[in-house]
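Respectively, the protein sequence lines represent chains A and B.
2 is the number of the first residue of the first sequence in the numbering used here; add one for each residue after it.
18 is the number of the first residue of the second sequence in the numbering used here; add one for each residue after it.
We put the beta carbon where it would ideally sit given N, CA and C, even for glycine.
Just below is one structure, and these are the notes that go with it.
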Amino acid sequence: MMDASVISFYVISAFLLTFGLMAVTAKKIFRSAIWLLFSLVGIASLYFWMDLQFLAAVQIIVYIGGIVVLIIFSIFLTQDSGSALPRAIKSRKIGAALLSVFGFGIIATLLARTAFVETTTPMDVEMKTIGFKMLSLGGDGYALPFELVSILLLAAMIGCIVIAVKNIPGKP
Amino acid sequence: MNSIPLIHFLIVSTALFFIGVYGFFTRINMITMLMSIELILNSVNINFVAFNKYLHPESNDGLFFSLFIIAIAAAEAAVAIAIIINLYRTHSTIDVEDANEMKL
Numbered sequence: 002m003m004d005a006s007v008i009s010f011y012v013i014s015a016f017l018l019t020f021g022l023m024a025v026t027a028k029k030i031f032r033s034a035i036w037l038l039f040s041l042v043g044i045a046s047l048y049f050w051m052d053l054q055f056l057a058a059v060q061i062i063v064y065i066g067g068i069v070v071l072i073i074f075s076i077f078l079t080q081d082s083g084s085a086l087p088r089a090i091k092s093r094k095i096g097a098a099l100l101s102v103f104g105f106g107i108i109a110t111l112l113a114r115t116a117f118v119e120t121t122t123p124m125d126v127e128m129k130t131i132g133f134k135m136l137s138l139g140g141d142g143y144a145l146p147f148e149l150v151s152i153l154l155l156a157a158m159i160g161c162i163v164i165a166v167k168n169i170p171g172k173p
Numbered sequence: 018m019n020s021i022p023l024i025h026f027l028i029v030s031t032a033l034f035f036i037g038v039y040g041f042f043t044r045i046n047m048i049t050m051l052m053s054i055e056l057i058l059n060s061v062n063i064n065f066v067a068f069n070k071y072l073h074p075e076s077n078d079g080l081f082f083s084l085f086i087i088a089i090a091a092a093e094a095a096v097a098i099a100i101i102i103n104l105y106r107t108h109s110t111i112d113v114e115d116a117n118e119m120k121l
C-alpha cells in the first residue's frame, strides 16, 4: 500500500541526501555550490510535503535566493572556479568517513530504541496565526526574539561592511 | 498525512548532519566548509519541524525556532564571507591550511 505521498517523501529524501553528498565531495567548487542549491531545494520541498508553506517559502527566499547567491559571488571573487580543488589528505578522509558512519550508526540505533508518542492532530500553520504569534507579547509570543534578530541582522550588516571594506592608504 | 513515521524524518536529518560533518572535516577551502555548515544547520531545522509536527502539534514553537535559525544562518554566512574576502585580500588564498599566523 504505497500511495503517492509516501513515495514522494522517499524520492525527496533521496534527492536531498544525494545532492548533499555530491556537494561535499565535488571536485570543482562551482559544481559544489550548485549541488548545494539542489539539496536546499530538496529541503524546501520536504517542508512543502509537511504542509508548511511559509517555512518552505522562507527557505527558498533566504537560502536559495540569498545564501547560495552570496556563496557563488564569493567564489567568483576569490577562486579560479574552473580548476579542481586541492585534494584532501587521505588519512583525514578515512577518519572523517569512519566518524560519520559510526556517528550515524550510533544515533540511528538510539533513535530506533526510543518510543515516540506520535499524534495525528494537524498543526495550525495558518499565516495569520504565525503573524500574530510572531508579534505577540504574551506567554507564547515571539516579539522579543523577533526584535533581537532584527538587531542581530543590523549588527551583522554593519560588521560585514567594516570587515570587507577596502583600506585605502592615506585615508582615515 | 502521518503515513510516514517520525523516525524516518529523524534518520534523514541525521544522515544530512553527518554528510555535513564529513564535508567539514575533509574540505580545505573555506567556502566549501561554509557550505557544509549550511547543510548541518538545515538538518537541525528538519528535526525541529518534524518534532513539532509529530509530537506537539498544538504549539508552533519548532516552526518559529526554524525561522529564527534561518535568520541567524543568513547573518552568519554574510559575516563569514566578509572575513573570507578580507583574508583573500591580504593572503591571496582562502585555504585553512595557510591561515596559520596566529598559531604559537
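Cα-Cα separation, residue i to residue j
i                      : j                      : result
residue 91 of chain A  : residue 137 of chain A : 53 Å
residue 35 of chain A  : residue 116 of chain B : 26 Å
residue 57 of chain B  : residue 71 of chain B  : 22 Å
residue 127 of chain A : residue 76 of chain B  : 12 Å
residue 93 of chain A  : residue 49 of chain B  : 16 Å
residue 113 of chain A : residue 29 of chain A  : 37 Å
residue 70 of chain A  : residue 79 of chain A  : 14 Å
residue 19 of chain A  : residue 59 of chain B  : 15 Å
residue 120 of chain A : residue 153 of chain A : 36 Å
residue 21 of chain B  : residue 129 of chain A : 28 Å
residue 142 of chain A : residue 110 of chain B : 46 Å
residue 46 of chain B  : residue 114 of chain B : 9 Å
residue 115 of chain A : residue 109 of chain A : 10 Å
residue 35 of chain B  : residue 61 of chain B  : 11 Å
residue 157 of chain A : residue 59 of chain A  : 19 Å
residue 4 of chain A   : residue 120 of chain B : 57 Å
residue 103 of chain B : residue 111 of chain A : 43 Å
residue 108 of chain B : residue 170 of chain A : 18 Å
residue 106 of chain B : residue 98 of chain B  : 12 Å
residue 15 of chain A  : residue 166 of chain A : 42 Å
residue 139 of chain A : residue 80 of chain B  : 18 Å
residue 155 of chain A : residue 144 of chain A : 17 Å
residue 6 of chain A   : residue 41 of chain B  : 33 Å
residue 148 of chain A : residue 117 of chain A : 34 Å
residue 146 of chain A : residue 133 of chain A : 14 Å
residue 65 of chain B  : residue 37 of chain B  : 17 Å
residue 135 of chain A : residue 78 of chain B  : 11 Å
residue 82 of chain A  : residue 168 of chain A : 26 Å
Cβ-Cβ distance between residue i and residue j below 8 Å
i                      : j                      : result
residue 55 of chain A  : residue 131 of chain A : yes
residue 30 of chain B  : residue 54 of chain B  : no
residue 76 of chain A  : residue 31 of chain A  : yes
residue 72 of chain A  : residue 91 of chain B  : no
residue 150 of chain A : residue 39 of chain B  : no
residue 33 of chain A  : residue 17 of chain A  : no
residue 67 of chain B  : residue 27 of chain B  : yes
residue 43 of chain B  : residue 89 of chain A  : yes
residue 161 of chain A : residue 95 of chain B  : yes
residue 100 of chain B : residue 164 of chain A : yes
residue 45 of chain A  : residue 27 of chain A  : no
residue 52 of chain B  : residue 22 of chain A  : no
residue 87 of chain A  : residue 112 of chain B : yes
Residues sharing a beta bridge with residue i, DSSP
i                      : result
residue 99 of chain B  : Answer is none; residue 99 of chain B lacks a bridge partner.
residue 112 of chain B : B:46
residue 29 of chain A  : A:85
Cβ-heavy atom distance, residue i to the ligand GTP, below 7 Å
i                     : result
residue 42 of chain B : By its list of ligands, the structure shown contains no ligand whatsoever, and the ligand GTP lies outside what it can speak to.
Tell me which residues of the region 19–53 of chain A have at least one Cβ-Cβ distance to chain B shorter than 8 Å, keeping chain order.
For the region 19–53 of chain A, which is checked against every Cβ of chain B, the residues closer than 8 Å are 21, 22, 24, 25, 26, 30, 33, 34, 37, 40, 41, 44, 47, 48, 51, 52, 53.
Contact residues within the region 111–132 of chain A, judged by C-beta distance below 9 Å to chain B
Here the close residues are 112, 113, 115, 117, 118, 119, 120, 121, 122, 123, 124, 125, 126, 130, 131.
If we count Cβ pairs, one from each stretch, closer than 8 Å, do we get three or more for the region 97–113 of chain A versus the region 80–89 of chain B?
Put simply, the region 97–113 of chain A does not touch the region 80–89 of chain B. Fewer than three CB pairs are less than 8 Å apart.
Within 8 Å, do at least three Cβ pairs link the region 61–74 of chain A to the region 105–124 of chain A?
The region 105–124 of chain A vs the region 61–74 of chain A: no contact.
Tell me whether the region 4–13 of chain A and the region 40–51 of chain A touch, counting them as touching only if at least three CB pairs, one residue from each stretch, are closer than 8 Å.
These segments touch.
If contact means a Cβ-Cβ distance below 7 Å, which residues of the region 144–166 of chain A contact chain B?
So the close ones are 146, 150, 153, 154, 157, 160, 161, 164, 165.
Under 9 Å (Cβ pairs) to chain A, residues found in the region 60–77 of chain B:
Hits within the stretch, in order: 60, 62, 63, 66, 67, 68, 69, 70, 71, 72, 73, 74, 75, 76, 77.
The region 76–88 of chain A: positions lying closer than 8 Å to chain B by Cβ
Listed in chain order, the positions of the region 76–88 of chain A with a beta carbon within less than 8 Å of a beta carbon of chain B are 76, 78, 79, 80, 86, 87.
Could you please tell me which residues of the region 19–31 of chain B, in chain order, have their CB closer than 9 Å to any CB of chain A?
Residues 19, 20, 21, 22, 23, 24, 25, 26, 27, 28, 29, 31.
Beta carbons nearer than 9 Å to chain A: which residues of the region 34–45 of chain B have them?
Here the close residues are 34, 35, 36, 37, 38, 39, 40, 41, 42, 43, 44, 45.
Please name the residues in the region 106–120 of chain B whose beta-carbon is closer than 8 Å to at least one beta-carbon of chain A, in chain order.
If the cut-off is 8 Å between Cβ atoms, the region 106–120 of chain B has 106, 111, 112 near chain A.
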